[in-house]
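Number of protein chains: 2
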Amino acid sequence: MASQLRPAALVCAAALAALAPAAALSAPDAALETKFDGLIDPAEMGGWMKTMSAEPIHVGAPHNRRNAEMTLAQFRSWGWDARIETFWVLYPTPKEVALELVEGRGAPFRATLSEAPVPGDESSSRTRDQLPAYVAFQGDGEATAPLVYVNYGMPADYEALERLGVSVKGKIVIARYGAGWRGLKPKLAQDHGAVGAIIYSDPRDDGYAVDDPYPKGAARPPQGFQRGSVADMTLFPGDPTTPGYGSTKDARRVAREDSPTILKIPTLPIGYGDAQVLLASLDGPVAPASFRGSLPITYHVGGGDGGARVRLKVASDWSLKPAHNVIATLKGRERPDEWVVRGNHRDGWVFGATDPISGHVAMMGEAKALGALAKTGWRPKRTIVYASWDAEEPMLLGSTEWAETHAAELKAKALVYINSDSNGRGFLSVGGSHALQRFVNQVAADVADPQTGVSVRDRLRAALAVAAAEQPGNTRAAALGRIAADPTRDLPIEALGSGSDYSAFLQNLGLASLNVGFGGEGESGGVYHSAYDTYEHHSRFVDPGHAYAGALARVTGRMVIRLADAEVPVQRYGDFADTVAGYLDEVKRLADGKREEAAARTRLLAIGAYRLADDPTIPRSDPAPLPASPQLDFAPLDGAVARLRTSAAAFDQALAAKGPGLAPARRKALDAVLLRQEQRLLRDRGLPFRPWYRNMIYAPGRFTGYGAKTLPGVREAIEERRFEDARAYIVLTAEALNDYAAGLDAATAVLNGG
Amino acid sequence: MASQLRPAALVCAAALAALAPAAALSAPDAALETKFDGLIDPAEMGGWMKTMSAEPIHVGAPHNRRNAEMTLAQFRSWGWDARIETFWVLYPTPKEVALELVEGRGAPFRATLSEAPVPGDESSSRTRDQLPAYVAFQGDGEATAPLVYVNYGMPADYEALERLGVSVKGKIVIARYGAGWRGLKPKLAQDHGAVGAIIYSDPRDDGYAVDDPYPKGAARPPQGFQRGSVADMTLFPGDPTTPGYGSTKDARRVAREDSPTILKIPTLPIGYGDAQVLLASLDGPVAPASFRGSLPITYHVGGGDGGARVRLKVASDWSLKPAHNVIATLKGRERPDEWVVRGNHRDGWVFGATDPISGHVAMMGEAKALGALAKTGWRPKRTIVYASWDAEEPMLLGSTEWAETHAAELKAKALVYINSDSNGRGFLSVGGSHALQRFVNQVAADVADPQTGVSVRDRLRAALAVAAAEQPGNTRAAALGRIAADPTRDLPIEALGSGSDYSAFLQNLGLASLNVGFGGEGESGGVYHSAYDTYEHHSRFVDPGHAYAGALARVTGRMVIRLADAEVPVQRYGDFADTVAGYLDEVKRLADGKREEAAARTRLLAIGAYRLADDPTIPRSDPAPLPASPQLDFAPLDGAVARLRTSAAAFDQALAAKGPGLAPARRKALDAVLLRQEQRLLRDRGLPFRPWYRNMIYAPGRFTGYGAKTLPGVREAIEERRFEDARAYIVLTAEALNDYAAGLDAATAVLNGG
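So the protein lines, in turn, are chains A and B.
Each residue of the first sequence is one higher than the one before, counting from 0 in numbering that gives the first Met the number 0.
Each residue of the second sequence is one higher than the one before, counting from 0 in numbering that gives the first Met the number 0.
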């Protein structure tokens with residue numbers, strides 16, 4: 000599903016001339032990589048895309064099945080050992096959807112809920128098999144109720160509404176996309192007593208405000224809407240009825256009604272053409288400034304009993320559908336039981352040209368090139384596993400069910416999972432496990448940017464430096480700019496939250512993971528998850544000539560080759576230690592801020608400041624008092640981070656000194672220790688409310704969705720003022736870090752001949 | 000003209016229980032003030048407004064003359080010695096205005112250029128004498144040329160356009176209101192070679208994006224446009240043909256063609272209804288993100304030869320018009336030659352209910368109450384002068400010509416000028432001379448807020464504290480919040496730039512000045528300078544019941560009474576010293592920032608970073624290199640500020656110790672020294688490019704217009720990289736501060752018996 004690419008946020012990296020000594024530890028085979036590059040053919044990838052996105056490719060669609068067969072045939076023809084592994088997943092598809100304004104200005108009005116073909120885009124005319132407006136895993140039902148506009152539908156918005164005296168209880172909410180993951184909007188509406196939810200795409204975010212609407216430009220046309228999953232992935236991804244284990248054909252299943260990740264209220268997505276009619280029908284207070292989008296209306300909150308009323312109905316087919324993962328293997332010559340796993344999903348919401356086929360064709364280009372290399376004599380030292388995932392869009396079903404099914408084997412064998420998804424023109428962005436930051440920088444230094452000819456690392460470095468110069472007040476941009484301006488420093492990689500297939504590997508199994516893509520210049524946001532994400536749109540606006548599909552294949556293919564063939568570990572653990580130390584600083588500042596916020600609110604409430612400050616003609620209640628925030632004892636984490644830094648430095652130094660000359664048996668022993676190294680970050684207890692998420696360093700946020708929270712047990716507890724949890728997870732997270740340091744100490748002992 | 004009230008920016012203040020000893024130095028006469036308060040009658044003020052804003056009241060309009068006669072009669076009936084003092088000012092009024100889209104999408108289209116009556120607003124139907132769309136002191140002419148959208152039309156916008164390869168030479172620009180004073184837009188367009196300019200009100204700023212358009216709500220309707228002056232006030236205000244002296248009937252005059260403050264290109268204002276047609280006709284690049292408003296279109300820059308072309312024509316009547324100031328005096332009993340001057344303008348663009356009548360009726364309410372007090376035995380110690388200014392809107396003509404005509408007498412006698420202008424519901428905001436900051440706080444502590452009953456100081460304090468709590472990332476809000484949360488600290492007053500009648504007094508004559516108003520809750524922005532600024536709009540949306548006209552009268556009337564009767568000086572010079580020290584810190588940081596910016600740009604240009612960072616499909620040229628920025632020697636200013644702090648502290652202490660027991664002759668001597676104290680901040684050379692502005696501490700910005708620049712000779716030179724000027728004005732500004740400190744030393748000597 001890969002939300003819009005955010006290259007300025009997800010940053011990546013650079014291996015530098017100055018770092019040659021480190022690179023030499025496990026020097027890449029330049030001749031092999033040059034040969035590999037020569038086998039990458041962007042035009043061929045474009046042809047594959049045209050075929051694969053020719054018809055709707057959602058889970059269970061006929062063309063999805065055809066694409067699985069095509070992918071299987073490709074792998075086999077290129078010499079891979081490939082098979083289709085099918086899971087049977089719950090995936091509801093709409094049987095009936097209806098949305099009407101039944102009372103209020105503009106009533107009666109019936110929302111379109113379908114996306115008409117646009118001139119010049121032949122794909123968009125292939126409406127056979129295309130599903131109407133829906134979001135997966137909402138709660139079927141019918142409701143007729145007053146309408147309330149809840150802005151982004153995030154917690155802060157409900158606080159603002161509460162102060163305005165507007166309740167959503169018994170009402171239908173309309174929320175705009177943005178500021179948090181889609182699924183949180185109906186979930187929070189449901190938690191606040193709403194009986195239905197509508198999500199719309201405001202033109203400010205991806206419509207006419209940012210570019211001419213498609214087909215003139217790349218932006219979302221008024222009838223275009225964003226589908227997506229609203230299964231509660233903050234609890235766990237994967238099939239809602241097989242929590243934590245694979246949804247094989249005969250698997251036992253939780254009753255649908257009992258699954259905590261399926262919502263209870265009917266929910267539909269709409270375009271801004273329809274939304275404008277609904278929003279213009281609202282009365283009640285003028286919406287606060289932070290609620291206003293770019294429609295040519297005065298946004299009101301609504302909620303009055305005499306105002307607008309809408310009828311919303313959704314009925315779905317809840318039968319199980321097949322999810323066809325295609326799994327292909329190139330067996331390692333020396334370490335067949337050490338796996339490098341690489342994946343990209345294959346299912347889409349409609350034609351899915353950008354999301355996911357743009358990434359899928361890059362992966363297949365790599366697979367073809369690796370197969371060709373294998374046919375001419377090269378054979379990887381370790382086993383390479385390529386996966387074409389199905390059913391990612393409904394909530395990472397294909398990858399999660401596979402990972403859960405093969406958990407034990409993966410934990411024993413997989414040393415890394417490398418993911419990609421939507422891809423477009425622009426800048427490299429990489430997120431993942433920070434011990435791989437140096438490795439990512441090294442790879443990025445060796446791949447040329449298609450548009451400028453410099454390395455993708457140098458282009459990103461330039462962009463970060465210019466962004467800092469052009470935004471003098473932006474402290475985050477300034478920090479990145481300082482790093483970018485110093486050619487002796489690596490560019491940072493970002494922490495991973497969720498939103499694509501790495502989640503089960505990183506957060507449930509504890510495998511080192513990377514998520515790689517290009518973007519920021521090709522414009523894909525305006526057709527995201529709509530019927531206009533077509534071959535035509537992608538070729539015109541997102542990646543003309545598929546040049547960046549080629550660049551992605553060169554980056555991720557190189558990662559696969561280098562990891563599969565590495566003589567000594569590519570990790571530098573000091574980067575992980577530094578990064579975690581930075582997270583701890585952030586969390587401490589967060590705790591200070593929360594304490595100050597609570598104290599300030601108590602003080603202001605005591606003197607009645609809110610009532611004095613408020614406009615008496617727009618009555619607002621006082622904000623709720625905040626519980627006093629204790630001083631937290633961070634000593635366990637301080638100690639763990641200090642130990643981690645020491646152990647990481649010792650390992651990095653020992654590796655530099657001893658690595659190159661290490662005897663083969665020792666190398667194998669070292670690999671055996673490090674293969675499970677990232678798994679040491681897991682705790683069996685998992686995170687509060689969601690034991691499936693076991694990684695104590697990286698998680699998707701409970702109130703951000705895709706967005707990452709680092710040190711999540713501690714950080715989110717402080718954010719949500721669960722101070723008992725904060726205390727417990729300071730200890731638990733420190734344990735995980737100490738365990739990680741112990742793993743490094745063991746590895747150092749191997750290096751030093753222990 | 001008083002741009003939209005900005006209460007969060009212009010902040011004011013609080014006398015505190017803890018400060019009673021200081022207040023006691025010149026204790027206010029509480030019984031007198033209670034009596035004064037009892038004489039303030041908001042309902043009566045509302046009646047005056049209804050009469051005064053019943054017909055158009057621009058300069059030279061029949062109803063403007065009637066209002067002058069009414070004001071004169073009121074003063075006289077209340078016992079004041081009053082007269083009308085008429086100047087003959089250049090004030091061009093439109094004879095012919097035309098704007099057409101002649102080529103491009105939507106052509107042919109003729110812009111409306113008039114404001115139709117709206118239902119429920121009887122005033123708006125009185126179109127007799129109403130003038131069509133125009134801005135005063137544009138350059139008459141006719142042009143037909145391609146159209147270019149220049150965003151706000153500020154320097155940064157032209158830099159962005161230049162990088163996009165878009166020139167305005169020979170073209171007509173369309174700019175939106177905002178981000179800088181109106182007159183800078185056609186001026187900068189003219190400087191860049193444009194042949195015409197259009198200024199429109201984007202709905203994002205004061206239209207449907209902020210409230211329902213009038214008459215449903217208070218916001219600007221699509222046909223509403225903002226008139227205003229575009230005379231180049233950054234050079235000097237007042238009649239363009241009598242620079243620096245009074246435009247009396249027989250005054251010699253500069254030829255109109257030779258006046259530097261009259262623009263050379265035709266310019267018109269339009270509403271967003273018309274603007275949408277023009278903007279939708281543009282092609283060329285999609286506008287950068289910072290250019291986008293809230294119209295339901297994709298904003299393009301235009302500028303292509305084959306695209307939109309418009310015809311623009313303006314022809315004006317350039318005859319002299321009479322400006323009738325009404326000047327009223329209540330003679331002082333003991334110090335008739337020390338004056339407290341109070342003024343508000345009386346002319347408007349159309350009906351002018353909010354701007355300026357809302358402030359004018361408050362001033363007249365004070366005048367009536369002071370007259371009544373005088374009839375029952377009270378007589379001010381010093382002379383009080385009230386002024387009802389005409390011709391403020393075209394560029395402060397009435398007040399400036401009066402100040403220039405009476406300059407010598409004012410410099411010898413006036414100890415303060417207190418101004419008001421548009422006024423509305425909300426929070427007190429005061430700007431002015433910082434030696435009066437404590438005085439302002441004391442007054443604000445003694446006037447009750449009409450809506451909450453607490454003092455207007457305490458309400459503002461609450462608002463600032465809440466604003467800080469609700470905007471945790473806003474450093475300015477946080478700084479104000481820290482002050483507001485500490486009841487022992489005064490709230491700061493803001494520096495004055497321009498935009499109302501204080502300018503000549505503060506910046507040319509060097510009189511201590513204050514500008515006082517309420518606002519922030521009453522919504523006046525949407526009708527600002529339009530035909531919908533009516534009694535009906537004001538009474539519904541801006542100040543229902545005219546309660547804040549009453550509050551303004553109580554604040555400014557108190558200021559007048561206390562200053563007129565003060566036994567010892569009300570100033571606390573330490574506040575001025577602290578404020579100037581803060582400005583110096585800002586200017587030093589600015590210099591550092593400019594140096595870093597130049598260095599960063601040089602570095603980025605050298606490595607070609609801009610080209611690497613830019614999207615190659617949207618070609619942009621490199622930004623221009625910046626001249627190397629030298630280290631400036633701030634020692635003269637450091638020394639002057641240190642001396643100022645010492646001298647101010649010595650005076651404040653001596654006043655506290657000796658003031659209360661000072662013999663009458665010494666008091667008079669002290670007043671004589673301090674009366675000219677603020678004039679010591681003037682330098683005859685004036686500011687670079689604009690010698691009329693002589694105050695070295697406060698000025699309107701060359702590229703902000705109304706917005707203040709403090710230490711302007713130094714600050715603007717650094718901003719504009721005129722480093723020779725920066726060096727010269729470091730010395731000159733230090734001289735002014737040393738002179739000011741010497742004045743304080745002289746006053747301290749009087750206190751200490753010297």
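Cβ atoms here follow ideal geometry from the backbone N, Cα and C, with glycine treated the same way.
Item checked: is_contact[residue 464 of chain A, chain B] using C-beta, thresh 8 Å -> By one-based count along the first sequence, residue 464 of chain A stands at place 465. Yes, contact with chain B.
Checklist line | Supposed contact pair residue 149 of chain B and residue 163 of chain B - C-beta distance, whole angstroms, cut 8 Å | finding: Residue numbering aside, residue 163 of chain B sits at position 164 when the second sequence is read from its first letter. Residue numbering aside, residue 149 of chain B sits at position 150 when the second sequence is read from its first letter. Between residue 149 of chain B and residue 163 of chain B the Cβ distance is about 11 Å, and since that is not below 8 Å, they are no contact.
Note to self: So for residue 664 of chain B, helix, strand or coil by DSSP?
What the structure shows: The residue labelled residue 664 of chain B in the question sits at position 665 within the second sequence. If DSSP states are grouped into helix, strand and coil, residue 664 of chain B belongs with the helices.
Margin query: Let me confirm a value: residue 114 of chain A is counted as buried when at least 16 other C-beta atoms fall within 10 Å, else exposed. Which label applies?
Written below: By 1-based counting over the first sequence, the position of residue 114 of chain A is 115. Buried is the call here.
Next item on the list: List the residues of chain A that residue 216 of chain B touches, going by C-beta distances under 9 Å, in chain order.
Entry: Against the second sequence, residue 216 of chain B aligns to sequence position 217. Per Cβ cutoff of 9 Å: 285 and 297.
Next item on the list: Ignoring anything shorter than 4 residues or poking outside the segment 299-324 of chain B, list the alpha helix (DSSP H) runs there in chain order.
Entry: none
Item checked: Three-way DSSP call (helix, strand, coil) for residue 210 of chain A in this model -> Residue 210 of chain A sits at position 211 when you count from the first residue of the first sequence. If DSSP states are grouped into helix, strand and coil, residue 210 of chain A belongs with coil.
Notebook entry, point to check: Should residue 629 of chain A be labelled buried (16 or more other beta-carbon atoms within 10 Å of its own) or exposed?
Noted result: On the first sequence, position 630 is the one that residue 629 of chain A refers to. By the neighbour-count rule (16 or more Cβ atoms within 10 Å), residue 629 of chain A is not buried but exposed.
Check: Any residues in the segment 293-325 of chain B with a beta carbon nearer than 9 Å to a beta carbon of chain A? Which ones, in chain order?
Finding: 293, 294, 295, 296, 297, 298 and 299
Check: Using a C-beta to C-beta distance shorter than 9 Å, which residues of chain B count as neighbours of residue 291 of chain A?
Finding: Along the first sequence, read from residue 1 onward, the residue named residue 291 of chain A stands at position 292. Under the 9 Å cutoff, chain B gives 203, 208, 209 and 293.
Next item on the list: Name, going along the chain, the residues of the segment 590-615 of chain B whose beta-carbon falls closer than 9 Å to a beta-carbon of chain A.
Entry: 592, 595, 596, 599, 600, 602, 603, 606, 607, 608, 609, 610, 611, 612, 613, 614 and 615
Check: When the Cα of residue 92 of chain B is compared with those of B:65, B:108, B:141 and B:318, which residue comes out closest?
Finding: Here residue 92 of chain B refers to the residue found at position 93 when the second sequence is read from its first residue. When only C-alpha atoms are compared, the closest one is B:318.
Next item on the list: Could you list the residues in the segment 496-510 of chain B with a C-beta less than 8 Å from some C-beta on chain A, going in chain order?
Entry: none
Next item on the list: Give a yes or no on whether 8 Å exceeds the smallest Cβ distance from residue 228 of chain B to chain A.
Entry: Here the question's residue 228 of chain B lines up with position 229 in the second sequence. Chain A, which has no Cβ nearer than 8 Å to the Cβ of residue 228 of chain B, makes this no.
Check: Assuming residue 409 of chain A and residue 510 of chain A make a contact with CB atoms under 8 Å, what is their CB distance in whole Å?
Finding: Numbered from its first residue, the first sequence carries residue 409 of chain A at position 410. Numbered from its first residue, the first sequence carries residue 510 of chain A at position 511. Indeed, because the Cβ distance is near 7 Å, the residues count as touching under 8 Å.
Notebook entry, point to check: Does any residue of chain A bring its CB to less than 8 Å from the CB of residue 190 of chain B?
Noted result: The residue you call residue 190 of chain B lines up with position 191 of the second sequence. By this cut-off, residue 190 of chain B is not an interface position.
Check: Applying the criterion that 16 or more other CB atoms from any shown protein chain within 10 Å of the CB defines a buried residue, is residue 751 of chain A buried or exposed?
Finding: Position 752 of the first sequence, counted from the first residue, corresponds to residue 751 of chain A. By the 10 Å Cβ count, residue 751 of chain A comes out exposed.
Item checked: Sub-8 Å separation of residue 315 of chain B and residue 94 of chain B beta-carbons -> As a working note, residue 315 of chain B is residue 316 in the second sequence. As a working note, residue 94 of chain B is residue 95 in the second sequence. Yes; because the gap between Cβ atoms is below 8 Å, this pair is in contact.
Checklist line | Cβ-based neighbour list, residue 620 of chain A, same chain, cut-off 8 Å, excluding 5 preceding and 5 following | finding: Here residue 620 of chain A is taken as the residue at index 621 of the first sequence, counted from 1. Answer for residue 620 of chain A: 161, 162 and 164, listed in chain order.
Checklist line | residue 33 of chain B versus residue 39 of chain B: straight-line alpha-carbon distance, rounded | finding: Within the second sequence, residue 33 of chain B is the residue found at index 34, counting from 1. Within the second sequence, residue 39 of chain B is the residue found at index 40, counting from 1. Straight-line Cα distance between these residues: approximately 10 Å.
Check: Can residue 432 of chain B and residue 705 of chain B be called in contact, C-beta distance under 8 Å?
Finding: Position 433 of the second sequence holds residue 432 of chain B. Position 706 of the second sequence holds residue 705 of chain B. In this structure, residue 705 of chain B does not lie closer than 8 Å to residue 432 of chain B by Cβ.
Item checked: Spatially closest choice to residue 270 of chain B from B:82, B:447, B:518 and B:133, by CA coordinates -> Translated into the one-based positions of the second sequence, residue 270 of chain B becomes position 271. The option with the nearest alpha carbon to residue 270 of chain B is B:133.
Item checked: Run of the alpha helix (DSSP H) containing residue 401 of chain B, from where it starts to where it stops -> Here residue 401 of chain B refers to the residue found at position 402 when the second sequence is read from its first residue. Looking at the DSSP string, the run of the alpha helix (DSSP H) that includes residue 401 of chain B is 396-404.
Check: I think residue 99 of chain A touches residue 86 of chain A, with their Cβ atoms under 8 Å apart; what is that distance to the nearest whole Å?
Finding: The sequence position of residue 99 of chain A within the first sequence is 100, counting from 1. The sequence position of residue 86 of chain A within the first sequence is 87, counting from 1. Going by Cβ atoms, the distance from residue 99 of chain A to residue 86 of chain A rounds to 37 Å, so no, they are not a contact pair.
Next item on the list: Kindly provide the ranges of any alpha helix (DSSP H) runs that are 4 or more residues long and lie completely inside the segment 344-425 of chain A, ordered along the chain.
Entry: 358-374, 396-404 and 406-412
Notebook entry, point to check: How would you write the range of the alpha helix (DSSP H) that residue 775 of chain A sits in, first residue to last?
Noted result: Because chain A spans 0 through 753 in this model, residue 775 of chain A falls outside it and cannot be assessed.
Checklist line | Reduced DSSP secondary structure (H/G/I, E/B, other) of residue 22 of chain B | finding: Locating residue 22 of chain B in the second sequence gives position 23, counting from the first residue. Low per-residue confidence applies at residue 22 of chain B: pLDDT is 40, beneath 50, and the placement is therefore not dependable enough to give any value.
Notebook entry, point to check: Taking Cβ positions only, does residue 471 of chain B come closer than 8 Å to chain A?
Noted result: Residue 471 of chain B sits at position 472 when you count from the first residue of the second sequence. Residue 471 of chain B counts as touching chain A.
Margin query: Between residue 485 of chain A and chain B, is any beta-carbon pair separated by less than 8 Å?
Written below: Here residue 485 of chain A refers to the residue found at position 486 when the first sequence is read from its first residue. For residue 485 of chain A, the answer is no, since every Cβ of chain B falls outside 8 Å of its Cβ.
Notebook entry, point to check: In whole angstroms, what is the alpha-carbon distance linking residue 747 of chain A and residue 732 of chain A?
Noted result: Looking up residue 747 of chain A in the first sequence gives position 748. Looking up residue 732 of chain A in the first sequence gives position 733. So the alpha carbons of these two residues sit roughly 23 Å apart.
Item checked: Residues bridged to residue 100 of chain B (per DSSP) -> Locating residue 100 of chain B in the second sequence gives position 101, counting from the first residue. Bridge partners of residue 100 of chain B: B:108 and B:309.
Notebook entry, point to check: Should residue 155 of chain B and residue 600 of chain A be called a contact, given that it needs their Cβ atoms to be closer than 8 Å?
Noted result: Here residue 155 of chain B refers to the residue found at position 156 when the second sequence is read from its first residue. Here residue 600 of chain A refers to the residue found at position 601 when the first sequence is read from its first residue. No, they are not a contact pair.
Notebook entry, point to check: Alpha carbon to alpha carbon, what distance is there between residue 567 of chain B and residue 648 of chain B?
Noted result: Residue 648 of chain B sits at position 649 when you count from the first residue of the second sequence. Residue 567 of chain B sits at position 568 when you count from the first residue of the second sequence. Approximately 17 Å between the Cα atoms of the pair.
Next item on the list: Find out if the Cβ-Cβ distance for the pair residue 145 of chain A, residue 301 of chain A is shorter than 8 Å.
Entry: For the purposes of this step, residue 145 of chain A is taken as residue 146 along the first sequence, with counting starting at 1. For the purposes of this step, residue 301 of chain A is taken as residue 302 along the first sequence, with counting starting at 1. Yes, the Cβ-Cβ distance between residue 145 of chain A and residue 301 of chain A is below 8 Å.
Item checked: Expected contact under 8 Å - CB spacing of residue 415 of chain B and residue 339 of chain B to nearest Å -> Along the second sequence, read from residue 1 onward, the residue named residue 415 of chain B stands at position 416. Along the second sequence, read from residue 1 onward, the residue named residue 339 of chain B stands at position 340. The pair is a contact, with the Cβ atoms about 6 Å apart (cut-off 8 Å).
Next item on the list: Output the boundary residues of the beta strand (DSSP E) element that contains residue 133 of chain A.
Entry: If you number the first sequence from 1, residue 133 of chain A lands on position 134. Element bounds for residue 133 of chain A: n/a, residue is neither H nor E.
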